[in-house]
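**Student:**
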Amino acid sequence: MPYREVIKNFELVRSMIRDFYVYGFKRDTSDVRILGKSKRSDSDERHRIESWLGDYLNYHVDDAGKSYFLSIDSRNGEHNPLFKAWKTSSFTDVDIVMHFFLLDILANSSIEISFKEIVDELSEYIDCDESTVRKKLKEYEQEGIVRKNIKGKVAYYSRSNWELDTIADSAGERFDDILDFYSEVAPIGVVGSFIMDKIPDKGDSSFSFKHHYITHTVDSDVLLTLMECIHSKKVVKIKRYRHKFGDTNEGELVPLRLYCSSSSGRQYVMCMNVLSKKIEPLRVDYVLSTKAGEVCSEYDSYKDILNSVEKNIWGISMGNMRTVNHVTFTVEYSDTEKYILQRLYREKRGGNVTVIDDNHARFDIDVFDPVEMFPWVRTFICRITSVDFGDDRINQRFIDDIRKMEAMYE
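Okay, so the sequence shown: first residue is 1 according to the numbering used here, each after it adds one.
Spelled out as structure tokens, the structure:
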């Protein structure tokens with residue numbers, strides 16, 4: 001049976017899921033407090049989270065104590081269990097009763113009911129004041145559940161034709177697989193999961209994944225605000241954790257474009273720093289809170305700047321946005337290893353591949369930060385005949401890395 005109490009602070013949920021179950025930084029015996037909470041409060045919050053993830057938790061015990069971790073086989077086609085975190089809301093007994101009565105009173109979308117009539121009818125069932133009802137109706141209006149119509153000085157309300165209802169009616173026939181796939185792979189995929197919940201008898205997922213990046217689900221609220229600011233060309237006010245300094249800071253950024261890593265699933269938003277006027281990557285899982293600001297009058301010019309430099313970005317590092325290094329390397333492959341050439345074409349991003357002869361190909365690209373390419377270039381290490389990162393210091397660093405790796409096997 002699910003734990004009765006619900007979590008009100010999602011920043012705490014996000015922190016605990018990562019620290020206890022994803023990265024395993026904290027254990028049962030840890031004395032570290034999270035967000036200033038007491039150890040007892042931390043324990044209570046963990047019990048709530050474990051009520052959602054109980055079927056997916058495993059643990060091991062060592063001298064440092066018991067360490068829990070998520071254990072999910074994505075090949076089994078299971079839905080992302082972290083969606084449950086977003087489907088738990090904070091409410092009181094009066095809240096939930098009022099919810100059902102209000103929707104029952106407004107069930108007929110073709111009839112408008114005055115605010116006074118709604119309050120009078122509710123008072124027959126529960127004790128509530130007008131301000132509480134007004135706040136609840138305003139909340140539903142913002143969510144698109146009800147419509148408000150002012151006639152003179154009187155407010156009338158009616159049930160909206162909610163878009164999810166229309167989708168759900170047809171989803172069973174046409175959109176099951178589309179929604180299923182979207183919810184598991186797309187940013188803010190939890191939206192697809194909410195829609196899927198309205199489909200009767202939807203069954204198990206039809207998909208399995210070799211690489212299934214589920215932990216970024218807990219950043220959906222942050223990412224939603226950032227995407228809304230991109231859509232409306234607004235500044236976003238953020239509070240974020242700075243890993244390099246071990247502290248937090250606040251500032252204003254103009255979000256421009258979302259980047260998702262194909263190797264780790266990590267999400268970044270390319271932003272223009274309002275103060276420095278430089279483009280910088282914002283790591284989404286380091287963001288603690290977001291708030292939409294004013295419309296940015298220079299948004300289109302910032303976007304043009306990103307478009308102009310994007311061809312020189314290998315990953316997310318911008319360097320100083322002035323110095324571009326020409327990176328080139330040549331690989332050798334046998335007659336039976338044409339897949340090496342296919343890899344170069346498939347993974348070249350903004351680079352160019354030139355076939356030298358039947359067994360040699362050269363890759364060329366101009367980038368701001370050649371060091372970002374090290375992990376990819378190393379995957380061709382036994383086939384590279386020459387390599388140049390456009391800077392003697394970077395070349396030496398690459399060679400030193402290879403020698404250190406070689407020393408590990410001696």
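We treat Cβ as the ideally placed atom computed from N, Cα and C, and that holds for glycine.
1) Using the rule of at least 16 other Cβ atoms within 10 Å of the residue's Cβ for burial, across every protein chain shown, is C382 buried or exposed?
2) Could you name each continuous beta strand (DSSP E) segment of 3 residues or more that falls completely within the segment 194-259, going from the start of the chain to the end?
3) CB-CB under 6 Å to H326, same chain, minus the five flanking residues each way: which ones, in chain order?
4) When the Cα atoms are used, what is the spatial distance from Y299 to H231?
5) Short of 6 Å in beta carbon distance, which residues of its chain neighbour P255, apart from the five on each side in sequence? Order them along the chain.
6) Could you give the residue range of the alpha helix (DSSP H) that holds L308?
7) If contacts are defined as beta-carbon pairs under 8 Å, then Y68 and Y59 qualify, I think. What distance do you get, rounded to the angstrom?
8) S289 and K348: beta carbons closer than 8 Å?
9) Kindly identify the DSSP beta-bridge partner or partners of L282.
10) Which stretch, first to last residue, makes up the alpha helix (DSSP H) that contains N359?
11) For T328 versus D364, is the C-beta distance shorter than 8 Å?
12) For a test of the three-state rule: what should DSSP assign to Y140, helix, strand or coil?
13) Would you check if the segment 335-347 and the segment 300-308 touch, i.e. whether three or more CB-CB distances between them fall below 8 Å?
14) Grab the span of the alpha helix (DSSP H) containing E294 for me, first residue to last.
15) Quick one: Cα of D247 to Cα of L275, how far?
16) Taking 8 Å as the cut-off, does the segment 206-226 touch the segment 13-20 (at least 3 CB pairs, one atom from each stretch)?
17) If you follow the beta strand (DSSP E) that V274 is part of, which residue opens it and which one closes it?
18) So what does L57 bridge to, in DSSP terms?
19) Between the alpha carbons of G319 and E310, how many angstroms are there, rounded?
20) What's the gap between the Cα of Y213 and the Cα of V222?
21) Going by DSSP in three states, I111 sits in which element: helix, strand or coil?
22) Buried or exposed for Y140, please, with buried defined as at least 16 other CB atoms from any protein chain shown within 10 angstroms of its CB.
23) Alpha carbon to alpha carbon, what distance is there between D127 and Y157?
24) Which value, in whole angstroms, describes the spacing of the CA atoms of I279 and D392?
25) Where does I178 fall in DSSP's three states?
26) Which two residues bound the contiguous beta strand (DSSP E) that contains R147?
27) Below 8 Å between beta carbons: does that hold for S131 and V146?
28) Please return the same chain residues whose Cβ sits closer than 6 Å to the Cβ of Q267, not counting the five positions on each side in sequence.
29) One question on the structure: do L70 and Y21 come within less than 8 Å of each other, judged by their Cβ atoms?
30) To which residues of the same chain is K136 closer than 7 Å at the C-beta, ignoring the five residues directly before and after it?
31) Please classify T88: does DSSP put it in a helix, a strand, or coil?
**Tutor:** Reading off the structure:
1) Taking the first residue of the sequence shown as 1, we reach residue 382 at position 382. Classification of C382: exposed, given that the 10 Å Cβ count is below 16.
2) 234-242
3) Within the sequence shown, numbered from 1, the residue matching residue 326 stands at position 326. Closer than 6 Å at Cβ, skipping near neighbours: D366 and G390.
4) For the purposes of this step, residue 299 is identified with residue 299 of the sequence shown, where counting begins at 1. For the purposes of this step, residue 231 is identified with residue 231 of the sequence shown, where counting begins at 1. Taking the straight line joining both Cα atoms gives about 11 Å.
5) Here the question's residue 255 lines up with position 255 in the sequence shown. Correct list, in chain order: L226, C229, I230, V236, V269 and C271.
6) Start at 1 with the first residue of the sequence shown, and residue 308 comes out as number 308. Looking at the sequence provided, one finds Ser at residue 308 rather than Leu. Unbroken alpha helix (DSSP H) run through S308: Y299 to V309.
7) Here residue 68 refers to the residue found at position 68 of the sequence shown. Here residue 59 refers to the residue found at position 59 of the sequence shown. Contact flag correct, Cβ pair sits at about 5 Å.
8) Walking along the sequence shown from the start, residue 289 turns up at place 289. Walking along the sequence shown from the start, residue 348 turns up at place 348. In this structure, K348 does not lie closer than 8 Å to S289 by Cβ.
9) The count along the sequence shown starts at 1 and reaches residue 282 at position 282. Partner(s): V269.
10) The residue labelled residue 359 in the question sits at position 359 within the sequence shown. Segment: none, N359 is in no alpha helix (DSSP H) and carries neither H nor E.
11) Residue mapping note: residue 328 aligns to position 328 of the sequence shown, counting from 1. Residue mapping note: residue 364 aligns to position 364 of the sequence shown, counting from 1. A contact, by the Cβ cut-off of 8 Å.
12) On the sequence shown, position 140 is the one that residue 140 refers to. Helix.
13) no
14) Residue numbering aside, residue 294 sits at position 294 when the sequence shown is read from its first letter. Where E294 is concerned, there is no enclosing alpha helix (DSSP H), although the beta strand (DSSP E) it sits in stretches over V287 to V295.
15) Translated into positions along the sequence shown, residue 247 becomes position 247. Translated into positions along the sequence shown, residue 275 becomes position 275. Approximately 20 Å, taken between the alpha carbons.
16) yes
17) Along the sequence shown, one-based indexing puts residue 274 at 274. Per DSSP, V274 belongs to no beta strand (DSSP E) and is neither H nor E.
18) Counting from one through the sequence shown, the residue named residue 57 turns up at place 57. Note: L57 sits in a beta bridge opposite L70.
19) Within the sequence shown, the letter at position 319 stands for residue 319. Within the sequence shown, the letter at position 310 stands for residue 310. Each residue's alpha carbon lies about 12 Å from the other.
20) Locating residue 213 in the sequence shown gives position 213, where the first residue counts as 1. Locating residue 222 in the sequence shown gives position 222, where the first residue counts as 1. Their backbone Cα atoms lie some 17 Å apart in a straight line.
21) Position 111 of the sequence shown, counted from the start, is the residue given in the question as residue 111. It is coil, neither helix nor strand.
22) Taking the sequence shown and counting its residues from 1, the one referred to as residue 140 is at position 140. Its Cβ being crowded by 16 or more others within 10 Å, Y140 is buried.
23) Your numbering for residue 157 matches position 157 in the sequence shown. Your numbering for residue 127 matches position 127 in the sequence shown. Going by the C-alpha atoms only, they are around 21 Å apart.
24) Stepping through the sequence shown from its first residue, residue 279 is reached at position 279. Stepping through the sequence shown from its first residue, residue 392 is reached at position 392. I279 and D392: Cα-Cα distance of roughly 27 Å.
25) Here residue 178 is taken as the residue at index 178 of the sequence shown, counted from 1. Of the three classes helix, strand and coil, the one that applies to I178 here is helix, per DSSP.
26) Within the sequence shown, the letter at position 147 stands for residue 147. Note, R147: beta strand (DSSP E), V146 to K151.
27) To locate residue 131, count along the sequence shown from 1; it is residue 131. To locate residue 146, count along the sequence shown from 1; it is residue 146. No, these two residues do not count as a Cβ contact at 8 Å.
28) Within the sequence shown, residue 267 is the residue found at index 267, counting from 1. If we look at Q267 and ignore the five residues flanking it on each side, its Cβ neighbours are H216, C260 and V284.
29) Numbered from its first residue, the sequence shown carries residue 70 at position 70. Numbered from its first residue, the sequence shown carries residue 21 at position 21. Yes, they are a contact pair.
30) One-based indexing of the sequence shown puts residue 136 at position 136. Contacts found: M98 and L102.
31) Taking the first residue of the sequence shown as 1, we reach residue 88 at position 88. In the structure shown, T88 sits in coil (DSSP, three-state: anything other than H, G, I, E or B).
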